[in-house]
Amino acid sequence: MSPRKVPESIKKRLKKHHQEHLLTFWEQLGPDQQQDLLRQIEDLDFLKTDACVEDFIKKAASASIPADFTAAPFYSNSPCGAEQQQKYAEAIKLGKQLISSGKVAAFVVAGGQGTRLGLDGPKGNFPISPVKNKTLFQIFAETILAVSKKYNAVCPWYIMTSPLNHSETVEIFKKNNYYGLNPDDIFIFQQGTFANFSFDGKILLADKDKISVSPDGHGGSLKALHRSGALKDMKKRGVEFVSYFQIDNPLITIFDPLFIGLHALDNSQISSRAVIKAGPEEKVGSFCIADGKIMVIEYSDLPTKLACRRNPDNSLVFGLASIAIHIINLDFIEQLNAKGLSELKASMFSKRHREPSHPASVSLPLHKAVKKIPHLDCHDNFIVPTEPNGIKLESFIFDALPLASRSIILQTLRGEEFGPVKNASGFDSAQTAKEMMICRAASWLESARVSIPRKPDGSIDCVIEIAPGFALDRDDVKAKQNQICKIAAGDKVYLS
Ligand code: UTP
Numbered sequence: 068m069s070p071r072k073v074p075e076s077i078k079k080r081l082k083k084h085h086q087e088h089l090l091t092f093w094e095q096l097g098p099d100q101q102q103d104l105l106r107q108i109e110d111l112d113f114l115k116t117d118a119c120v121e122d123f124i125k126k127a128a129s130a131s132i133p134a135d136f137t138a139a140p141f142y143s144n145s146p147c148g149a150e151q152q153q154k155y156a157e158a159i160k161l162g163k164q165l166i167s168s169g170k171v172a173a174f175v176v177a178g179g180q181g182t183r184l185g186l187d188g189p190k191g192n193f194p195i196s197p198v199k200n201k202t203l204f205q206i207f208a209e210t211i212l213a214v215s216k217k218y219n220a221v222c223p224w225y226i227m228t229s230p231l232n233h234s235e236t237v238e239i240f241k242k243n244n245y246y247g248l249n250p251d252d253i254f255i256f257q258q259g260t261f262a263n264f265s266f267d268g269k270i271l272l273a274d275k276d277k278i279s280v281s282p283d284g285h286g287g288s289l290k291a292l293h294r295s296g297a298l299k300d301m302k303k304r305g306v307e308f309v310s311y312f313q314i315d316n317p318l319i320t321i322f323d324p325l326f327i328g329l330h331a332l333d334n335s336q337i338s339s340r341a342v343i344k345a346g347p348e349e350k351v352g353s354f355c356i357a358d359g360k361i362m363v364i365e366y367s368d369l370p371t372k373l374a375c376r377r378n379p380d381n382s383l384v385f386g387l388a389s390i391a392i393h394i395i396n397l398d399f400i401e402q403l404n405a406k407g408l409s410e411l412k413a414s415m416f417s418k419r420h421r422e423p424s425h426p427a428s429v430s431l432p433l434h435k436a437v438k439k440i441p442h443l444d445c446h447d448n449f450i451v452p453t454e455p456n457g458i459k460l461e462s463f464i465f466d467a468l469p470l471a472s473r474s475i476i477l478q479t480l481r482g483e484e485f486g487p488v489k490n491a492s493g494f495d496s497a498q499t500a501k502e503m504m505i506c507r508a509a510s511w512l513e514s515a516r517v518s519i520p521r522k523p524d525g526s527i528d529c530v531i532e533i534a535p536g537f538a539l540d541r542d543d544v545k546a547k548q549n550q551i552c553k554i555a556a557g558d559k560v561y562l563s
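The opening residue of the sequence shown carries number 68 in the numbering used here; numbering runs sequentially from there.
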């Protein structure tokens, strides 16, 4: 029977923790809605919520950086010296073997809300390719298909969504016939959520019967892989390495033999790709090492003095930027989950989702983000804020780096592998990403001795798109040199 009255225990609990407003619309709800709201409230762990309000909402976020840290060691994008040259060659060979034997899976985190881009719906459905306007999902799907053909291997694809975009994502894949991939090799699963707060520590309502929640951050993927059964599926297939990338980077090389091979040769548990920072102010995390552990310090936490510190050759001391590309061992993710992976101070938000407490449990710290959060206020007004009005909490994947016994970094060139689509315009936007895709295609073609028309100022005077099925990298283009026609100024060229 559906309750018409709020159980006394719930009333008391809400009062004690200053969240009574969650029942503002109780009398207006139907029995099913009441039941649903009660379930959501029962799911909250109030003691922990209080701690969170205290630590993350009422207090200004304080930087937690190690007392002593130095620049992280890394592999350069091209080998230095004969010995390293040999190691890179060995790594490429091993990487290719691992891909061919089906030991590597693609894993994209696509649960974000893409608020800066202002897109309605999953970001993966954003059209981005310069000539054909292919979406991010399509580009990655075609890449995976091309890799499977090149290496004659099954390359499964794991896609993390959130409860806010899951069904739409599934529909998009169905509607597009899985972009030619075998649906059995695509595993779409959801991440968890955290409650959203107002600046005064009240949990926000999304509707009269709904608590406002946000996805729990890309760090939530480590738990979600386990809970969803994705890890089990990988194990069944013999996957050992997970190639982690973000949905908004169309330049990613998902299956990079060198990166995979170095990771495996060095017995790394989680490895990262990095680019050299554009300058001390670039808003990207910096790799460093503290107590023998590789970690990322967020730009907002790195003191300006350190961010600006330079080496004798004028390069930045902390100039190695994290670009959210990782190879992660399946074993490592399993180990973390077996230990009881929980977000520090935030396992709190949902009893149901909380791991059993375990003395050796592993935690990822929480990060606070001040955001525009649409919500229903207590006077039944639906607020669509134009300015940030609330707080979301999330965990980040790079906080798993110091939990690893071994972790390596491989530098890459920004123009080769990192063109994120974050903003509607300006830097890191669709326009910059498209330009980078054209530039990379031009550079690959030029290294295959194909002449690219350029304006007097050196900028490219044509639009080029290389389909993943035509070439996955520079060497593939060189091998197809003879199939490429002359390109004239103003041409729109699609190589497929
Ligand atoms: P961003 O930090 O860019 O966040 O995510 P976002 O939600 O996409 O965009 P904004 O900040 O609202 O504008 C980086 C990557 O992590 C994924 C995103 O989908 C993107 O691939 N992500 C982020 C998740 O999968 N889950 C999350 O909870 C957050």
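C-beta atoms are modelled at their ideal positions from N, C-alpha and C, and glycine is treated no differently.
Values in this document were obtained by computation on a predicted structure and should not be read as measured data.
Is the Cβ of residue i closer than 8 Å to any Cβ of chain C?
i: Pro189; result: Any reference to chain C falls outside this structure, which holds one protein chain only.
Measure the C-alpha to C-alpha separation of residue i and residue j and round it to an integer number of angstroms.
i: Val306; j: Ser288; result: 17 Å
i: Ala538; j: Cys375; result: 39 Å
i: Tyr155; j: His442; result: 52 Å
i: Asp252; j: Asn381; result: 48 Å
i: Leu397; j: Asp447; result: 47 Å
i: Ser295; j: Phe256; result: 6 Å
i: Glu157; j: Cys147; result: 15 Å
i: Asp333; j: Val560; result: 41 Å
i: Ala118; j: Ile124; result: 10 Å
i: Asp368; j: Ser131; result: 7 Å
i: Leu477; j: Gly162; result: 14 Å
i: Ser229; j: Leu184; result: 17 Å
i: Phe141; j: Asp542; result: 24 Å
i: Lys545; j: Lys201; result: 24 Å
i: Ser462; j: Pro455; result: 20 Å
i: Tyr366; j: Lys435; result: 14 Å
i: Leu186; j: Ile390; result: 22 Å
i: Ser339; j: Ala297; result: 22 Å
i: Gly386; j: Lys344; result: 5 Å
i: Pro347; j: Thr371; result: 8 Å
i: Phe261; j: Lys522; result: 51 Å
i: Val221; j: Phe240; result: 19 Å
i: Phe254; j: Val237; result: 10 Å
i: Gln550; j: Ala500; result: 26 Å
Short of 6 Å in beta carbon distance, which residues of its chain neighbour residue i, apart from the five on each side in sequence? Order them along the chain.
i: Pro452; result: Lys439
i: Thr91; result: Cys445
i: Ser417; result: Because Ser417 carries a pLDDT of 37, less than 50, the predicted location of this residue cannot be relied on, and no value is offered for it.
i: His330; result: Ser338 and Ile394
Can you tell me where the alpha helix (DSSP H) holding residue i begins and where it ends?
i: Ser514; result: Ala497 to Ser514
i: Lys545; result: Arg541 to Ala546
i: Leu460; result: Where Leu460 is concerned, there is no enclosing alpha helix (DSSP H), although the beta strand (DSSP E) it sits in stretches over Gly457 to Glu461.
i: Asp398; result: Leu397 to Lys406
i: Val237; result: His233 to Lys242
i: Ser288; result: Ser288 to Arg294
i: Ser76; result: Glu75 to Lys83
i: Val214; result: Leu203 to Tyr218
i: Ser338; result: No alpha helix (DSSP H) contains Ser338, which is instead part of the beta strand (DSSP E) from Ile337 to Ile343.
i: Glu484; result: Arg481 to Glu484
i: Phe326; result: Pro324 to Leu332
i: Ile108; result: Pro98 to Asp110
i: Thr371; result: Thr371 to Cys375
i: Leu298; result: Ala297 to Arg304
Roughly how far, in whole angstroms, is the beta-carbon of residue i from the beta-carbon of residue j, given that I think they are within contact range, below 8 Å?
i: Ile166; j: Ile327; result: 7 Å
i: Val175; j: Phe207; result: 6 Å
i: Asp135; j: Ala357; result: 6 Å
i: Ala556; j: Asp528; result: 4 Å
i: Pro469; j: Lys299; result: No, Pro469 and Lys299 are not in contact; Cβ-Cβ is about 27 Å, not under 8 Å.
i: Pro223; j: Glu532; result: Not confirmed; about 26 Å, so no contact.
Could you give the first and the last residue of the continuous beta strand (DSSP E) run that contains residue i?
i: His434; result: His434 to Lys438
i: Pro282; result: Val280 to Pro282
i: Phe174; result: Val171 to Val176
i: Val363; result: Lys360 to Ile364
i: Thr228; result: Trp224 to Thr228
i: Lys559; result: Lys559 to Leu562
i: Phe142; result: Correcting the residue type first, residue 142 is Tyr in the shown sequence and not Phe. Neither: Tyr142 is in no beta strand (DSSP E) and is coded neither H nor E.
i: Leu271; result: From DSSP, Leu271 is part of no beta strand (DSSP E); its letter is neither H nor E.
Skipping 5 residues on each side, what residues in its chain have a beta carbon closer than 8 Å to that of residue i?
i: Leu212; result: Tyr246, Gly247, Leu248, Pro535 and Gly536
i: Leu203; result: Lys190, Gly191, Asn192, Phe193, Ile195, Ile314, Asp315, Pro317 and Val488
i: Gln548; result: Ala515, Arg516 and Val517
i: Lys83; result: Phe113
For residue i, which residues in the same chain have their Cβ closer than 7 Å to its Cβ, ignoring the five residues on either side in sequence?
i: Thr137; result: Cys355 and Ile356
i: Val73; result: Leu90 and Trp93
i: Ile319; result: Phe312, Ile392 and Glu484
i: Asn490; result: Arg183, Leu184 and Ser496
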